[in-house]
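In this note's numbering, the protein residues as written are 12 to 243. Where a beta carbon is used, it is the ideal one built from N, C-alpha and C, also for glycine. Being a predicted model, the structure only gives us computed values, none of them experimental. These notes concern the structure reproduced below.
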Ligand SMILES: [Zn+2]
Ligand SMILES: [Zn+2]
């Protein structure tokens, strides 16, 4: 079951504005962190993501689906993916790369997925609230950067990658917090599918509507204020 609480003891997480130095409860390495559970456990981003990333890589390399929302939902349902966490910064772009390739997009999927993992892992947990830059939205921008082979020196490709992130963040910001990695991932993919159709004439598949199955696992769920909350 996806959990939004501490992986060690199940207690709720708390966020501070000011970072403090703590040792990861899994690998023991010291990091500056703003998040720890109420009993004082801190788990570093790479320990939090490790199993999830392996699953994302294997699933996205293998699926024949053209529907990035369906790909994400299948991956999100596995226990390796927690309710919230920076693995979503890889998941959004990886699901898009896979669906894009399966919809006729010309990419080397194996290389693209490895780049997605390398870049997405660099976007830390909590960037939404602390940077004003949700990692799920950034993941959509990384996806466009990878398929256009953008670099900081390109013109159109550089522009499109930044436009993609902007569109995703606009939609994410319009809905307001508190953060939900599921909601922000669905929004980012929704925007990316439209952007790709407009810019690259590649049509990925989308469901009629996106219904979230994770509300019960999210203590901060916005419920009726979330467009993906299931209607009664
Ligand atoms: Zn704990
Ligand atoms: Zn660690």
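Taking the beta carbon of residue 29 as the centre, do at least 16 other beta carbons fall within 10 Å, making it buried, or is it exposed?
Residue 29 sits exposed, since fewer than 16 C-beta atoms from the chains shown fall within 10 Å of its C-beta.
Closer than 7 angstroms: is that where the CB of residue 223 sits relative to any heavy atom of ligand 1?
It does not: the Cβ of residue 223 is nowhere closer than 7 angstroms to a heavy atom of ligand 1.
Beta-bridge pairing of residue 107 - partner residues as DSSP gives them
DSSP lists no bridge partner for residue 107.
Measuring from the CB of residue 20, is there a heavy atom of ligand 1 at a distance below 7 angstroms?
Correct: residue 20 has its Cβ closer than 7 angstroms to ligand 1.
Beta carbon of residue 234: closer than 7 angstroms to some heavy atom of ligand 2?
Incorrect: residue 234 has no Cβ contact closer than 7 angstroms to ligand 2.
Across which residues does DSSP place residue 42 in a beta bridge pair?
DSSP, once it has assigned bridges, lists 33 as partnering residue 42.
Kindly indicate which residue of 192, 205, 157 and 81 has the alpha-carbon position closest to the one of residue 231.
The shortest Cα separation from residue 231 among 192, 205, 157 and 81 belongs to 192.
Kindly give me the distance between the Cβ atoms of residue 103 and residue 200, rounded to whole angstroms, as I take these residues to be in contact under 8 angstroms.
That pair is a contact at about 6 angstroms.
Looking at the unbroken alpha helix (DSSP H) that takes in residue 196, where does it start and where does it end?
Counting along the chain, residue 196 sits inside the alpha helix (DSSP H) bounded by residues 192-211.
Nearest candidate by alpha-carbon position, reference residue 226, set 76, 88 and 215:
Relative to the Cα of residue 226, the nearest Cα in the group 76, 88 and 215 belongs to 88.
Per DSSP, which residues does residue 126 bridge with? Please list them.
Under the DSSP definition of a beta bridge, residue 126 lacks any partner.
Helix, strand or coil for residue 139? Go by DSSP, reduced to three states.
Helix, per DSSP.
Option nearest residue 92 by Cα separation, candidates 235, 228, 120 and 216
Considering only alpha carbons, the answer is 228.
Assign residue 176 to buried or exposed, taking buried as 16 or more other Cβ atoms, counted over all protein chains shown, within 10 Å of its Cβ.
A buried status is given to residue 176, since no fewer than 16 other beta-carbon atoms sit within 10 Å of its beta-carbon.
Check whether the Cβ of residue 50 lies closer than 7 angstroms to any heavy atom of ligand 1, and answer yes or no.
Using a cutoff of 7 angstroms, the CB of residue 50 counts as near ligand 1, since one of the ligand's heavy atoms is closer than that.
Using CA atoms only, rank isn't needed, just tell me which of 45, 105 and 36 is closest to residue 69.
Closest by C-alpha distance to residue 69, out of 45, 105 and 36, is 105.
Nearest by alpha-carbon distance to residue 222: which of 207, 215, 211 and 238 is it?
Taking each of 207, 215, 211 and 238 in turn and checking the Cα distance to residue 222, the smallest one comes out for 238.
May I ask you to verify whether the stretch 161-177 touches the stretch 58-77, counting CB pairs closer than 8 angstroms and requiring at least 3?
At 8 angstroms Cβ cutoff, the stretches do not touch.
What separation, rounded to the nearest whole angstrom, lies between the Cα atoms of residue 45 and residue 60?
CA-CA distance, residue 45 to residue 60, rounds to 17 angstroms.
Quiz: which residues have CB nearer than 7 angstroms to ligand 2 non-hydrogen atoms
The filter returns 35, 37, 38, 40, 54, 55, 57 and 58, in chain order.
Residue 240 (DSSP reduced to helix, strand or coil):
Coil.
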